[in-house]
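Asker: Note that the sequence shown covers residues 79 to 275 in the working numbering.
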Amino acid sequence: MTEIPHNPLAADILAILRRHAGQPDAGPLGIHHLLIRLQEHPEFAAMDSNSELALFRKNFLLMNALYQLQESLWRGEGLVLEVAPLNLRLRSCRDCREQQHWVAGNDPMREYYLNWDNLHATTAEDVAALLRNFWQHLRQPERQARALAQLGLPPAASAAQIKQRYRELASRHHPDRSGDATRFMAVREAYEQLRCS
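1) So, with DSSP's three-state summary, where would you put S170?
2) Is it buried or exposed for I91, if we count other Cβ within 10 angstroms and need 16 for buried?
3) Evaluate T80 with the Cβ neighbour count: other Cβ atoms within 10 Å of its Cβ, from every protein chain shown; 16 or more gives buried, anything less gives exposed.
4) What three-state label does DSSP hand L231 in the structure shown?
5) Check whether the Cβ atoms of L159 and Q148 sit closer than 7 Å, and answer yes or no.
6) Is E130 helix, strand or coil when you go by DSSP?
7) Determine, using beta carbons only, whether L131 and A202 come nearer to each other than 7 Å.
8) Considering just the uninterrupted stretch of the beta strand (DSSP E) at L159, what are its terminal residues?
9) Between the C-alpha atoms of R217 and N211, what's the straight-line distance to the nearest angstrom?
10) Consult DSSP for T80 and reduce its assignment to one of helix, strand or coil.
11) Under three-state DSSP, which class holds E189?
12) Please report the straight-line C-alpha distance between L209 and F134, rounded to a whole angstrom.
13) Please identify the residue among R273, R261 and D254 whose C-alpha is closest to the C-alpha of Q239.
14) Applying the 10 Å Cβ sphere with the 16-neighbour rule, what's the burial state of L164?
15) Going by DSSP, what residue range makes up the alpha helix (DSSP H) through L92?
Here you go:
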């Protein structure tokens, strides 16, 4: 097994996690909280704070450290480190079978962040593409809702209902039948949006 390089943030993150675990009323600790607490860390100091690539690298280092700690805490102390973007939690393990899924290497995100090549090979263009893809997926439900509204359908409309409604509206608004060409194009676009989603 290839040895994983030590993450320079791991010790500081572990200290934060242990302090937080000792404060039961502290509320959730998210990755963004770690980023704020570690913003003065020497590892981050040389990075351009306004760069999307720098933000990617900071996030990568945080996630890499968390996944390294997850494994070392599990193996060394029998502690469970739950890694979720909005809730990082360190706790003792009562039923240790619960962690077998990541010990066996079945978590693609964990595998991604433990591979240092993903940090070093990612360019500013790659990060820009990742962000574009993220925003497109985030807006997908919004576009779908607009398309359903264009067809006059409820959010839970089935594929059969969408197709039937499209045929009705396309027939009614088709320019060859003295319909409104603009409305026909809007109906067609909405249908294509729903058909492809």
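Ideal placement from N, C-alpha and C gives every residue a C-beta, glycine not left out.
If you're wondering where the values come from, they're calculated on a predicted model, not measured in any experiment.
Answerer: Reading it off the structure:
1) Numbered from 1 along the sequence shown, position 92 holds the residue referred to as residue 170. DSSP places S170 in strand when its eight states are reduced to three.
2) In the sequence shown, the residue the question calls residue 91 occupies position 13. Flag for I91 reads buried.
3) Position 2 of the sequence shown, counted from the first residue, corresponds to residue 80. Because T80 carries a pLDDT of 45, less than 50, the predicted location of this residue cannot be relied on, and no value is offered for it.
4) Numbered from its first residue, the sequence shown carries residue 231 at position 153. The DSSP-derived three-state label of L231 is coil.
5) Working through the sequence shown from its first residue, we reach residue 159 at position 81. Working through the sequence shown from its first residue, we reach residue 148 at position 70. It is a contact, given that the beta carbons lie within the stated cut-off.
6) Along the sequence shown, one-based indexing puts residue 130 at 52. The answer is helix: DSSP assigns E130 an H, G or I state.
7) Stepping through the sequence shown from its first residue, residue 131 is reached at position 53. Stepping through the sequence shown from its first residue, residue 202 is reached at position 124. Cβ distance < 7 Å, so L131 and A202 count as in contact.
8) To locate residue 159, count along the sequence shown from 1; it is residue 81. L159 -> beta strand (DSSP E) spans L157 to E160.
9) The residue labelled residue 217 in the question sits at position 139 within the sequence shown. The residue labelled residue 211 in the question sits at position 133 within the sequence shown. Approximately 10 Å between the Cα atoms of the pair.
10) Within the sequence shown, residue 80 is the residue found at index 2, counting from 1. Any answer about T80 is weak, because its pLDDT of 45 lies below 50 and its placement is not dependable; what the coordinates show is given next. Of the three classes helix, strand and coil, the one that applies to T80 here is coil, per DSSP.
11) Counting from one through the sequence shown, the residue named residue 189 turns up at place 111. It is helical.
12) Position 131 of the sequence shown holds residue 209. Position 56 of the sequence shown holds residue 134. The C-alpha of F134 is placed about 10 Å away from the C-alpha of L209.
13) Numbered from 1 along the sequence shown, position 161 holds the residue referred to as residue 239. Considering only alpha carbons, the answer is R273.
14) Taking the first residue of the sequence shown as position 1, residue 164 is located at position 86. Its Cβ having fewer than 16 others within 10 Å, L164 is exposed.
15) Reading the sequence shown from its first residue, position 14 is the one you call residue 92. Counting along the chain, the alpha helix (DSSP H) containing L92 begins and ends at A88 to A99.
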